[in-house]
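There are 4 protein chains.
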Amino acid sequence: MEDHIFKLEMKVRDYECDLQGVVNNSVYQNYLEHTRHEYLKSIKIDFADLTERGIILMVKRVEIDYQRPLKSGDKFVSVLRMERISPLRFGFVQSIYRLPDEKLMIKALVIGTSVNKRGRPELPEELIKIWGLE
Amino acid sequence: MEDHIFKLEMKVRDYECDLQGVVNNSVYQNYLEHTRHEYLKSIKIDFADLTERGIILMVKRVEIDYQRPLKSGDKFVSVLRMERISPLRFGFVQSIYRLPDEKLMIKALVIGTSVNKRGRPELPEELIKIWGLE
Amino acid sequence: MEDHIFKLEMKVRDYECDLQGVVNNSVYQNYLEHTRHEYLKSIKIDFADLTERGIILMVKRVEIDYQRPLKSGDKFVSVLRMERISPLRFGFVQSIYRLPDEKLMIKALVIGTSVNKRGRPELPEELIKIWGLE
Amino acid sequence: MEDHIFKLEMKVRDYECDLQGVVNNSVYQNYLEHTRHEYLKSIKIDFADLTERGIILMVKRVEIDYQRPLKSGDKFVSVLRMERISPLRFGFVQSIYRLPDEKLMIKALVIGTSVNKRGRPELPEELIKIWGLE
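Listed in order, the protein sequences are those of chains F, E, R and Y.
The first sequence runs 274 to 407 under this note's numbering.
The second sequence runs 274 to 407 under this note's numbering.
The third sequence runs 274 to 407 under this note's numbering.
The fourth sequence runs 274 to 407 under this note's numbering.
Now the structure itself:
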């Protein structure tokens, strides 16, 4: 399993599986989002709280490579690390590994930015401090 | 609106919107998938039927660029065209435009392949014929 | 098909189907909610707008009888009528029929109420006027 | 917290919240289903496995009373007990309590039955043995 600064263990729920008997492709975005938000909370950044303050963290681009499908009952671990993309853009490098065999299921790059109430790009101070994005 | 071979009009449903008051990022994958499946049906390829025959159309990679968010009540059109990626891979070039102003909301490239019951890559004849993928 | 004051035609999307190859039970609540919100818009009540004004329409109770399952590709019509439950509670009597054979798929009773910013029950004037709930 | 034979702790994920900032009503059905399936696995009944064997456990009726809404970040426990409804119907009596204050969020009665490949009611032996439904 690659380097990461945060990980979260989860388990497939049957309602997340589709006609093909595997987790539907769109559900991985739910897993990835939940992992990012839990990571942000772990560094004291609350997504719902930011939203109330008028700061919108936005996803600008998502790239997902699907390697193997998760199935009903599978346990997995979702890991994350940060990558600087540009002064106003930050990248979450994310992967999901099945447990216990640690096979890679998907890997993803999620590029985000942040806008204020007037729709202007503005990174919250907390993020600048933590990620060193200046 | 760019060139396309298929289009589908839809409307945002409130349960698809999240805390930020906009359509959740993962929901666009639902829109994109529904568009692909409706397109496949329109050329007489039934996704559920293929699944029963043991042929699995699989998404290998998704790239989505988020330009503007859809909101509660928005109508939109989801358009699609095909692009050859490699002998065993086909690409769906997809975009979603808000209606009636036709502003681009997202654009996506979804790369798919097809495997048979033994997990081997095998494109169904129908697809080869239609897309000229040989 | 029974008496109704509003109807909405929809079509099953493959991602709404689960391991059993039918629409997942929880998805019917999405269909029912979307029908209610579209009905409310049709009588000029905007759910997202009410939410912004601090008036929360809340579901207090849901009863759903599942008769037959919808499957991939099925078209259906979702119908609705109102029923007075009590001074502060209103009932949506809802059913979903498959098309074109009009077989009953589910029927439901959804009981709602409305609270203001202080969490107190308060029906918006529009609703009192329209539904004669006084 | 009432009597129960099974409980499962979970946490709200932000994508489960809607425009109103609370968990969308339909999502509770996901929580309830996941709890039932995990309970069935805990007594060695695998829902996906039954489906493959042609035995379909079906929900016939759902009643949910919504007491208080779960919000972003809330932890909760979902509890379950069985109730005999009739020779061919079994009831899951389910509740969800917020943690750590154990306030009741929803309570539900989910009535199920079971059919075989020919669509006839047939309870799998495992269930008859475990639940004493004869």
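Heads up, the beta-carbon is just placed ideally off N, CA and C, and yes, glycines get one too.
- Cβ neighbours of E:L372 within its own chain (closer than 8 Å, five residues either side excluded): E282, D347, K348, F349, V350.
- Listed along chain R, the residues sitting closer than 7 Å to F:L292 by beta-carbon distance are D287, C290, G294, S345.
- Within the same chain, and ignoring the five residues on either side of R:I337 in sequence, the residues whose Cβ sits closer than 7 Å to its Cβ are Y301, I379, A381.
- Taking C-beta atoms as the reference points, E:G392 and E:V332 fail to come closer than 8 Å.
- The beta carbon of R:I318 sits closer than 6 Å to the beta carbons of E399 from its chain, once the five residues preceding and following it are set aside; these are given in chain order.
- Its chain contains L330, P397 as the residues whose beta carbon lies nearer than 7 Å to that of Y:L323, once the 5 sequence neighbours on both sides are disregarded; these appear in chain order.
- Within the DSSP bridge table, the entry for R:Q367 names R:L353, R:A381 as partners.
- For Y:R309, the enclosing alpha helix (DSSP H) covers residues 298-315.
- DSSP places R:K376 in the coil class of the three-state scheme, outside both helix and strand.
- Around Y:D291, the same chain offers N297 as residues with beta carbons nearer than 7 Å, after the five sequence neighbours per side are excluded.
- By the neighbour-count definition (other C-beta atoms within 10 Å, threshold 16), R:R309 is a buried residue.
- Residue-level contact check: R:S299 touches chain F, since one or more beta carbons of chain F fall below 8 Å from its beta carbon.
- Note on geometry: alpha-carbon atoms of Y:F320 and Y:E311 lie some 9 Å from one another.
- Within the segment 362-376 of chain F, no residue has its Cβ closer than 8 Å to any Cβ of chain E.
- Shown here, E:K402 sits in a helix according to DSSP, grouped into three states.
- Contacts with chain F (Cβ-Cβ distance below 8 Å) from the segment 309-337 of chain Y involve H310, K314, D319, F320, A321, listed in chain order.
- Listed by position along chain E, the residues whose Cβ is nearer than 8 Å to that of R:N303 are R286, Y288.
- Separation of E:Q340 and Y:V352 (C-alpha to C-alpha, rounded to the nearest whole angstrom) is 42 Å.
- Nearest in C-alpha terms to E:D374, of all of E:L343, E:W404, E:R354, E:I358, is E:L343.
- In the three-state scheme derived from DSSP, where H, G and I count as helix and E and B as strand, R:E325 is classed as helix.
- In this structure, R:Y288 sits away from E:E275, with a CB-CB distance that is not shorter than 8 Å.
- In terms of beta-carbon proximity, Y:E395 stays away from the interface with chain R, with every pair separated by 8 Å or more.
- Bounds of any beta strand (DSSP E) do not take in R:L292, whose DSSP letter is neither H nor E.
- Spanning the alpha carbons of F:I403 and F:Q367 requires a straight line of approximately 18 Å.
- Contact with chain F is absent for Y:E399, since none of that chain's Cβ atoms lies less than 8 Å from the residue's Cβ.
- Across the set F:Y304, F:F363, F:S299, F:V388, the C-alpha of F:Y304 shows the shortest separation from the C-alpha of F:Y370.
- Taking F:G327 as reference, the option from E:S359, E:G327, E:G294, E:E356 with the minimal CA-CA separation is E:G294.
- By the Cβ-count criterion, Y:S359 is exposed, with fewer than 16 other Cβ atoms from all chains shown falling within 10 Å of its own Cβ.
- At a cut-off of 8 Å, the C-beta of Y:E306 has a neighbouring C-beta in chain R.
- Ranked by how close their Cα comes to the Cα of F:K390, the residues F:K284, F:R286, F:E325 have F:E325 in first place.
- Straight across, the Cα-Cα distance linking F:R357 with F:G364 is about 6 Å.
- By the neighbour-count criterion, in which a residue is buried when 16 or more other Cβ atoms sit within 10 angstroms of its Cβ, R:S345 is buried.
- Per the C-alpha coordinates, the member of F:K284, F:V285, F:I316 positioned closest to F:M355 is F:I316.
- Between the alpha carbons of F:K280 and Y:K284 lies a gap of roughly 16 Å.
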